[in-house]
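In my numbering, the protein residues as written are 25 to 362.
C-beta atoms are modelled at their ideal positions from N, C-alpha and C, and glycine is treated no differently.
Only one structure is covered here, and it is reproduced in the block below.
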């Protein structure tokens with residue numbers, strides 16, 4: 025598995041290449057003129073001793089923060105998508121009956137899955153070289169990495185890493201903020217959540233907060249830290265209890281590490297929900313949204329393998345609805361969000 029990072033992803037985009045891609049995908053000349061007017065007419069000035077210099081015009085790049093820039097960059101990344109699809113790259117299969125996954129693209133974050141062999145490494149390197157020459161993008165070797173399975177021989181690891189110049193990846197490396205590899209212990213894998221929560225809580229120690237202010241911080245800031253992870257993974261119950269314990273300490277003592285007396289029973293402050301559904305609700309909601317579009321990729325794959333999509337869709341929606349409706353109530357507890 026290769027995790028790639030683009031050097032100055034937005035700043036090195038070649039304008040002529042972008043216009044050629046728009047033309048190849050059927051955009052009219054008028055529409056392409058609007059896009060070129062947006063990206064080519066920009067000018068910059070530099071503050072020198074507090075005074076702006078004469079404006080100058082760049083020759084390439086799109087502005088980071090501009091609402092249109094992510095969409096244009098995705099069109100550039102399609103070149104990698106098509107090149108990988110044409111070349112014989114093995115990818116990985118999560119299940120015997122599921123299709124192979126050769127790559128994942130999200131903005132400037134790219135992950136490529138392949139077989140640990142010199143031949144496949146040559147194909148991938150050729151794709152990346154052609155992409156760099158066409159678009160002006162450059163791979164940042166210092167921030168890119170390669171992860172090998174435990175069964176890969178050391179000789180193959182050395183040959184592949186020397187070919188790319190990327191360092192081997194450490195365990196539990198992240199992609200889009202989520203661990204890309206999970207070990208046997210969920211507690212060790214997601215320990216970084218506890219560290220982030222404790223670090224954030226300790227930065228509030230000097231603040232004079234009322235109980236209402238603490239509740240707002242716990243709901244708005246701390247819960248947001250775990251919501252994204254919980255939409256992808258089912259966290260363990262022991263980890264959930266540990267997080268709840270840390271938050272209750274902060275609510276009563278103002279510190280994540282200092283113990284204090286809990287002046288009110290937790291059952292009065294929060295309405296307990298069914299334990300078996302505590303983490304699955306956000307996860308199930310994500311599945312609902314993914315499968316809610318009957319014309320989406322999920323159902324096209326099912327039809328490809330001959331599944332009765334109507335029956336699967338009905339059962340899935342009924343199950344998701346039932347799970348999402350369980351455990352209604354309000355509270356400031358960590359895992360009592362809905």
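According to DSSP, residue i sits in a beta bridge with which residue or residues?
i, result
"residue 241", "Paired residue(s): none; residue 241 is not in a bridge."
"residue 129", "134"
"residue 68", "80"
"residue 75", "72"
"residue 26", "136, 170"
"residue 116", "125"
"residue 192", "170"
Since residue i and residue j should fall inside the 8 angstroms C-beta cutoff, what is the C-beta to C-beta distance between them, to a whole number of angstroms?
i, j, result
"residue 135", "residue 26", "7 angstroms"
"residue 156", "residue 162", "6 angstroms"
"residue 116", "residue 137", "5 angstroms"
"residue 39", "residue 56", "With a Cβ gap of about 11 angstroms, residue 39 and residue 56 do not count as contacting."
Roughly how many angstroms separate the alpha carbons of residue i and residue j, rounded to a whole number?
i, j, result
"residue 41", "residue 148", "21 angstroms"
"residue 274", "residue 187", "50 angstroms"
"residue 158", "residue 76", "34 angstroms"
"residue 139", "residue 258", "29 angstroms"
"residue 266", "residue 253", "16 angstroms"
"residue 351", "residue 240", "At residue 351, the pLDDT of 42 sits below 50, so the modelled position is not reliable; the number obtained from the coordinates is stated separately. Taking the straight line from one Cα to the other gives about 22 angstroms."
"residue 284", "residue 210", "29 angstroms"
"residue 189", "residue 172", "15 angstroms"
"residue 301", "residue 262", "In this predicted model, residue 301 has a pLDDT of only 48, less than 50, meaning its place in the structure is not dependable; the value taken from the coordinates is given anyway. When rounded, the distance between both Cα atoms is 14 angstroms."
"residue 144", "residue 98", "25 angstroms"
"residue 153", "residue 160", "10 angstroms"
"residue 52", "residue 83", "23 angstroms"
"residue 276", "residue 79", "56 angstroms"
"residue 121", "residue 58", "45 angstroms"
"residue 164", "residue 45", "24 angstroms"
"residue 193", "residue 176", "14 angstroms"
"residue 50", "residue 119", "37 angstroms"
"residue 224", "residue 230", "12 angstroms"
"residue 106", "residue 268", "46 angstroms"
"residue 43", "residue 61", "11 angstroms"
"residue 110", "residue 102", "12 angstroms"
"residue 113", "residue 256", "27 angstroms"
"residue 47", "residue 37", "16 angstroms"
"residue 54", "residue 238", "54 angstroms"
"residue 222", "residue 228", "10 angstroms"
"residue 30", "residue 232", "43 angstroms"
"residue 234", "residue 174", "51 angstroms"
Measuring CA to CA, which of the options is closest to residue i?
i, options, result
"residue 236", "269, 262, 55, 278", "278"
"residue 248", "263, 266, 164, 220", "220"
"residue 250", "113, 264, 29", "264"
"residue 226", "192, 246, 210", "246"
"residue 191", "166, 212, 211, 202", "166"
"residue 202", "46, 222, 133, 176", "133"
"residue 20", "223, 113, 271", "This structure cannot settle anything about residue 20, because the visible part of the chain is limited to 25 through 362."
"residue 185", "232, 212, 106, 146", "146"
"residue 66", "48, 86, 54", "86"
"residue 28", "232, 129, 233", "129"
"residue 68", "81, 60, 61", "81"
"residue 212", "54, 114, 47, 260", "260"
Kindly indicate if chain C contains any beta-carbon less than 9 angstroms away from that of residue i.
i, result
"residue 255", "No chain C appears in the structure shown, which is made up of a single protein chain."
Practice task
Specify whether the segment 209–217 and the segment 172–181 touch according to this definition: at least 3 beta carbon pairs, one from each stretch, less than 8 angstroms apart.
Solution key: no
Practice task
Inspect the CB distances between the segment 67–77 and the segment 110–126 and report whether three or more fall short of 8 angstroms.
Solution key: no
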